[in-house]
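Residue numbers (the working numbering): 6 to 246. Glycine included, every Cβ here is placed at the ideal spot set by N, Cα and C. Bear in mind that the values here come from a model prediction, so they are computed numbers and not experimental data.
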C-alpha cells in the first residue's frame, strides 16, 4: 500500500510496512503546486492552479532515517505528461478531486474533476486524454455545483467516496473550516454534516485536507505553530436523497 502527500510542488511517498506508514527517502518535485491528488486508472494525477497533469512516478527507497533537509537534497523532478489548463475564472483553487469516468467512452480518454474555490464548487471536464499535448488542450467548466439543504462556506478540501462505500450513490465529502459535509454526487443533496473534535485550542485551527480509503474518512487539521493533527472515522451509512 502506498500513500502520496503533496506540499506545494513537493511530493512524498509513504508505504505501509509492519503496522505503520514509513516515508520514502526520495521526494519528487512536481511541475505545479498541487492542491489535489487523485488517480486516473493506476496513474497519479496532480491538480493545481497551473493545471492538471498525469505523473510518471519512480519508486524510492523507504526512509533510512534521513532528516527533512537531507531528503530534500535527494529530490528529483517527476516525469509528467502534458499539463492541461483549468478555466481562469475558477482560480485560485482551494482543492480538487478527480471523478471516476470509467463508464464514459474509453476511446476519448475523457476526464472530469470537481474543484473548490472562493465562490463554490464546479465540475470541469476535458474530452481529451491526459497524455494529450495538442495546443489549447484544457478543461472546461461544465456546471456550477450548489449543494442542496445546507449552505456551505469556503470549501477547503474535497474527497470523493465511490458508490457503494457509504451510500448507493457516490458521495463528495467537502470540508469547510470546521465542518465536513457529505454530498450525494447525483442528487446534490447534503446528506449529513459532521464536526471534528474541538480544535479551537489550536490557533487558527482548520481542516486542511480530506482523504480516505475503502473504510475510513481521514481529516487533517492544521493551525498556527502546531503540528498537523489527523482524525479518522469509519464511513457512516448514509441514505441517498
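Looking at residue i: is its Cβ nearer than 7 Å to the Cβ of residue j?
| i | j | result |
| --- | --- | --- |
| residue 126 | residue 150 | yes |
| residue 154 | residue 194 | yes |
| residue 43 | residue 89 | no |
| residue 172 | residue 178 | no |
| residue 226 | residue 215 | no |
| residue 95 | residue 122 | yes |
| residue 11 | residue 39 | yes |
| residue 146 | residue 202 | no |
| residue 101 | residue 41 | yes |
| residue 124 | residue 144 | no |
| residue 228 | residue 210 | yes |
What does a CB cutoff of less than 8 Å around residue i pick up in its chain, not counting 5 residues either side in sequence?
| i | result |
| --- | --- |
| residue 34 | 14, 15, 16, 80, 81, 82, 83 |
| residue 221 | 237, 238, 239, 240 |
| residue 197 | 186, 187, 241, 243 |
| residue 45 | 59, 103, 116, 135 |
| residue 148 | 127, 128 |
Got a sec? Which residues, its chain only, sit under 6 Å from residue i by beta carbon, not counting five neighbours each side?
| i | result |
| --- | --- |
| residue 24 | none |
| residue 97 | 54 |
| residue 213 | 225, 227 |
| residue 21 | 6 |
| residue 32 | 15, 17, 76, 80 |
I'd like the list of long-range same chain contacts for residue i, defined as Cβ closer than 7 Å, with 5 residues on each side in sequence excluded.
| i | result |
| --- | --- |
| residue 270 | Given a span of 6 to 246 for the chain in the structure shown, any question on residue 270 remains unanswerable. |
| residue 8 | 19, 26 |
| residue 175 | 165, 166, 167, 168, 190 |
| residue 111 | With a pLDDT of only 39 at residue 111, under the threshold of 50, the placement of this residue in the model should not be trusted, and no figure is reported. |
| residue 49 | 9, 42, 60, 62 |
| residue 219 | 170 |
Can you tell me the Cβ-Cβ gap for residue i and residue j, rounded? I've got them flagged as a contact below 8 Å.
| i | j | result |
| --- | --- | --- |
| residue 184 | residue 224 | Not confirmed; about 11 Å, so no contact. |
| residue 47 | residue 85 | The pair is not a contact, with the Cβ atoms about 15 Å apart (cut-off 8 Å). |
Considering only residues of the stretch 182-215, which uninterrupted beta strand (DSSP E) runs meet the minimum length of 3 residues and lie entirely inside it, listed in chain order? 184-189, 195-200
Tell me the start and end of each unbroken alpha helix (DSSP H) in the stretch 17-96 that is at least 4 residues and wholly inside, in chain order. 73-78
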